Amino acid sequence: MLNRQIFLIGMPGSGKSTIGRRAAWEAGVSFLDMDSWIEQQAGMSIPEVFEKYGEAGFRRMEKGALAFLSMTRPGMISLGGGTAMDQENRKIMRACGSVILLDRPVERILTDLNPENRPLLKDNPEEKLQELYDVRMPVYRALADVTIRNDGDFQSAVSLLSRVLKERYHA
Numbered sequence: 152m153l154n155r156q157i158f159l160i161g162m163p164g165s166g167k168s169t170i171g172r173r174a175a176w177e178a179g180v181s182f183l184d185m186d187s188w189i190e191q192q193a194g195m196s197i198p199e200v201f202e203k204y205g206e207a208g209f210r211r212m213e214k215g216a217l218a219f220l221s222m223t224r225p226g227m228i229s230l231g232g233g234t235a236m237d238q239e240n241r242k243i244m245r246a247c248g249s250v251i252l253l254d255r256p257v258e259r260i261l262t263d264l265n266p267e268n269r270p271l272l273k274d275n276p277e278e279k280l281q282e283l284y285d286v287r288m289p290v291y292r293a294l295a296d297v298t299i300r301n302d303g304d305f306q307s308a309v310s311l312l313s314r315v316l317k318e319r320y321h322a
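This note's numbering applies: residue 152 is where the sequence shown begins, and numbers increase by one.
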């Protein structure tokens, strides 16, 4: 049983939701996808939130969601790609849990990512993803307690994350 939250961070398309959900299940840890939670609370999809409230409105929702969810029963929470870019959010993560980074190379992300579902990547996804990667990865790496490289197959990444949850966090 976890005694602190595990925050799963990484680029859009790094596998936080799919790999995180499966690894949490294998390790017997509860899992929550924060973007899905925000969608349920808002009654609309993330692209619709961006369209209606803009990025600033979404980031306010994201900050409120993180503050609330960080105080719930410990488990693994998959965060949106931009959550860790806010200094207050980083303070919440540090105070309430541990941070695991799923690090996936841009080339691999581009093979799986649907830019239509990613408001920040809609126009010229290759260039925008590289720009986001260059800005975000140093912040992610500085924040992470553990980094898991996701450059192989799905099951390898799941196994690595599950093993970290069991061995390091005694899940």
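Cβ coordinates follow ideal geometry from the N, Cα and C atoms, glycine included.
The structure displayed is predicted, hence computed values, not measured ones.
Asked	Found
Three-state secondary structure (DSSP) of Asp274	coil
Environment of Met244 [buried if 16+ CB atoms lie within 10 Å]	buried
Contact check, Asp186 vs Gly231, beta carbons under 8 Å	yes
contact_flag[the region 294-308, the region 253-263] where n(CB pairs < 8 Å) is 3 or more	yes
Reduced DSSP category for Ser181 - H, G, I as helix; E, B as strand; rest coil	coil
Nearest-angstrom Cα separation, counted from Ile170 out to Phe305	7 Å
At least three beta-carbon pairs within less than 8 Å, the region 309-321 to the region 155-174	yes
Simplified DSSP state of Arg155, which is helix, strand or coil	coil
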